[in-house]
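For the sequence shown, the tail end lands on 316 under the working numbering, and the numbers increase by one without skipping.
From the three backbone atoms N, C-alpha and C, an ideal C-beta is built for every residue, glycine too.
This one's a predicted model, so the numbers in the text were calculated from it and none came from an experiment.
Working notes for the structure below.
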Amino acid sequence: MILSELNIVFIVVSFTLFARVEGFGLSTRNSVSTTSNFRSFSIPSLNVLPFTQVISDVDDTLKSSGGVKIGDIALGGIDTQYQRGEFYPGCFQFMFELSISSFELKGIEAKDCKEQGLAPAKVAVLTARAEEFKVALELKEDSKLAKAFRKVGEDNGVNNWGLGPVLYGSVAEWIIQDRKGLRKFSNFERLINQDPTGEIMEYVYVGDTGELDQEAGETMLREYPEVVKAVFLHVVSETPNPKIPESKLINGRPVVFFRTYVGAAVQAFQLGLISENSVMRVVAAAEQALDSVSRSSDKWQDIYQDVSEAYKLLNK
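Given below as structure tokens:
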């Protein structure tokens, strides 16, 4: 049933859908894994709708693949700047800031969400990892990745935020690499069925330039520009100092390329997706993550460049 007016029935139905998102009420058949059970919430004020849900890839987006290959087949990606399994500085904070943006941009701080019966949507994951290898590759709630997400939420006063529904690929895409983008897009279509009205959720997709995430993201914008606000692509490479492509628009929605999550935050601020305070929190998180790394490292050089842009933009 599609309702044209925000009456009482629509509010109840809509928030039931949101509760399903937070409880991961997607079917668990085949390639969907969940990391939480259903939870109930009080009905939110309509002035914070729609909520923003971040959709993320894993390898070379949240953590480095290390560029490891078996023969000519990459095991997750191509990045060689970071060691395999290393998290990218500021990635979790950036996704948290996008997740709370519908609250913060309306003057509600993250720490006050609970008092108002609000909770930011958890991060959905679209990964090329094969469903058939899930015994070894499944992203569980006690995984290092899930714990890192959860800690960022807790550090910002929001408990139980973090990893949400995980939609996997298959061995077919692992072998036939050209199918990865299509699989991620088809999984995205399954994800957005959580809100058939299109009134409760908007999405931001974060991927990388190494595994056809660009194809998936651009298809999202061509087919669903009304609900996909932006696509952010982490620029990764097998060689140092890759060229950063220019941002572009598809159906009036931005495709943004970035080298660091500080750079992603700067561009998100310019697009009106996050606040000035959000940018500075991403800067702080990225710098803290590299605290034990030599300042002469190319990792710091990339961060310095984007931090400089942030300070210039914000007049710091």
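- Contact between the region 209–225 and the region 113–122 is absent: fewer than three C-beta pairs spanning the two stretches fall below 8 Å.
- In the displayed model, Ile-303 falls within a helix according to three-state DSSP.
- Judged by DSSP in its simplified three-state form, Gly-164 adopts strand.
- In the structure shown, Leu-249 falls within a strand segment according to DSSP collapsed to helix, strand and coil.
- Between the region 80–93 and the region 164–171 there are fewer than three inter-stretch CB-CB distances shorter than 8 Å, so the stretches are not counted as touching.
- Its chain contains Glu-202 and Val-204 as the residues whose beta carbon lies nearer than 6 Å to that of Lys-229, once the 5 sequence neighbours on both sides are disregarded; these appear in chain order.
- For the set Asp-195, Glu-211 and Ile-200, the Cα lying nearest the Cα of Arg-183 is the one of Glu-211.
- With a beta-carbon spacing of about 7 Å, Pro-120 and Phe-103 fall inside the 8 Å limit used to define contacts.
- Residue environment: Glu-97 is assigned as buried (16 or more neighbouring CB atoms within 10 Å of its CB, all protein chains considered).
- Residue pairing for Met-280: DSSP places it in no beta bridge.
- Residues Ala-110 and Lys-111 of the same chain have their beta carbon placed closer than 6 Å to that of Gly-157, with the five preceding and five following residues left out of the count.
- Per the coordinates, the alpha-carbon of Glu-215 lies some 34 Å from the alpha-carbon of Val-293.
- Using a Cβ-Cβ distance cut-off of 8 Å, the region 238–249 and the region 282–291 are not in contact, since fewer than three pairs of beta carbons, one from each stretch, lie closer than that value.
- If you draw a 10 Å sphere on the C-beta of Asp-57, you find 16 or more other C-beta atoms in it, and that means buried.
- Here the region 295–308 makes contact with the region 243–262; the two share three or more CB pairs at distances below 8 Å.
- For the options Phe-149, Ser-170 and Thr-80, the alpha carbon positioned closest to that of Gly-162 is the one of Phe-149.
- Tyr-311 and Leu-271 have their C-alpha atoms some 17 Å from each other.
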